[in-house]
């Protein structure tokens, strides 16, 4: 079977493994206080044009989200996200476990919009019973979104304006950041995220690392005491240099960005293959996640050789199937899928 069901089904890029192996005979201080983490953090500050940003290395995405949100909010405050946001549907109530409600709003192809965020903020402001309801304090987005769509700089600017108007944090989940930056239609850089959000993270687990996420905190108020929160949440890795070594290997020669571009190019081939035979896509994703709307027979035929992620059905009964490329996807694997799709022959 050829796996297209997710983007974390292999270990790590050889350059990352080589860097880990080279560091294996060295001794380091613990908990991310080592030179590897300092050097990786320095690279991130350069790439984000944010020399004063705080950089923290954590192990996984859910861990990063719930630690950051739990740290940043007071007990009566809430996070706002699109309904499909990872914190709302794929983190087993991790944020709620910290004592904070997630207020959800309709998404536009997976994205939180400034208009819907403003509606929630205004509803709280105008409620007249603020002591009886949670206060929306943090806007949460993912880039790419759960549907593979990306934010334009103008959209981030609009969200930033609403957050500034109502005194809210803006944070971005970057689990698939490499694939968002690598999209052919992308007009946002790491520097833009550092400028327009209070905090965002650069995903490693799904983008070439064995594990690890690099959290960039631009707002000093959100960073106060944050290492203590990391530790309190069991997220401060004793062998923290393993995170620094990996991010240094991914970032110092542009490997991270090259891996994202390659996976997106492969995904565009898959997207084109479905379009060529008249199979619709759920959304117009420019990144490594493609959502095909299949018949039951088409899903069964492709399922004989390929693993993909079932994502429910459309109102018309179509089977939504997610196909992911990743840093480890080979051209041969894509060739095989493109050939199989061509044989479906809906047209």
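Numbering (the numbering used here), first residue to last: 1434 to 1780. Even for Gly, the Cβ is constructed at its ideal location relative to N, Cα and C.
CB-CB length for residue i against residue j, believed under 8 Å
| i | j | result |
| --- | --- | --- |
| residue 1481 | residue 1513 | Wrong, their Cβ atoms sit about 24 Å apart, outside the cutoff. |
| residue 1553 | residue 1536 | 6 Å |
| residue 1644 | residue 1475 | In fact, because the Cβ distance is near 21 Å, the residues do not count as touching under 8 Å. |
| residue 1648 | residue 1488 | 7 Å |
| residue 1574 | residue 1545 | 5 Å |
| residue 1469 | residue 1674 | 5 Å |
| residue 1586 | residue 1510 | Not confirmed; about 28 Å, so no contact. |
| residue 1502 | residue 1533 | 6 Å |
| residue 1753 | residue 1726 | 6 Å |
Helix, strand or coil at residue i [DSSP, three-state]
| i | result |
| --- | --- |
| residue 1552 | helix |
| residue 1522 | helix |
| residue 1536 | strand |
| residue 1608 | coil |
| residue 1541 | strand |
| residue 1578 | coil |
| residue 1704 | helix |
| residue 1585 | coil |
| residue 1572 | strand |
| residue 1777 | coil |
Whether residue i touches residue j by CB criterion (8 Å)
| i | j | result |
| --- | --- | --- |
| residue 1491 | residue 1500 | yes |
| residue 1558 | residue 1595 | no |
| residue 1650 | residue 1624 | no |
| residue 1527 | residue 1567 | no |
| residue 1612 | residue 1762 | no |
| residue 1646 | residue 1637 | yes |
| residue 1435 | residue 1739 | yes |
| residue 1610 | residue 1635 | yes |
| residue 1741 | residue 1438 | yes |
| residue 1731 | residue 1777 | yes |
| residue 1640 | residue 1693 | yes |
| residue 1543 | residue 1579 | yes |
| residue 1706 | residue 1774 | yes |
| residue 1572 | residue 1601 | yes |
| residue 1592 | residue 1547 | yes |
| residue 1798 | residue 1448 | Examination of residue 1798 is not possible in this model, given that the chain is present from 1434 through 1780 alone. |
| residue 1786 | residue 1672 | Past the edges of the chain, shown from 1434 to 1780, lies residue 1786, and the structure says nothing about it. |
| residue 1660 | residue 1669 | yes |
| residue 1467 | residue 1677 | yes |
Buried or exposed by the 16-neighbour rule on C-beta atoms within 10 Å, applied to residue i
| i | result |
| --- | --- |
| residue 1508 | exposed |
| residue 1654 | exposed |
| residue 1713 | exposed |
| residue 1606 | buried |
| residue 1679 | buried |
| residue 1598 | exposed |
| residue 1618 | exposed |
| residue 1454 | exposed |
| residue 1722 | buried |
| residue 1699 | buried |
| residue 1667 | exposed |
| residue 1561 | exposed |
| residue 1711 | exposed |
| residue 1765 | exposed |
| residue 1745 | exposed |
| residue 1530 | exposed |
| residue 1750 | exposed |
| residue 1565 | exposed |
| residue 1695 | buried |
| residue 1733 | exposed |
Residue i CB to nearest heavy atom of the ligand GTP below 7 Å
| i | result |
| --- | --- |
| residue 1551 | Inclusion of the ligand GTP in the displayed structure is not the case, the ligand content being empty and no account of it being possible. |
Within the stretch 1624 to 1682, note down every full alpha helix (DSSP H) run reaching 4 residues or more, in order along the chain. 1653 to 1656, 1659 to 1665
Taking only runs of the alpha helix (DSSP H) that begin and end inside the stretch 1706 to 1769, which ones reach a length of at least 4 residues, in chain order? 1729 to 1736
Ranges of the alpha helix (DSSP H) found wholly within the stretch 1438 to 1514, counting only runs of at least 4: 1447 to 1456, 1468 to 1480, 1494 to 1505
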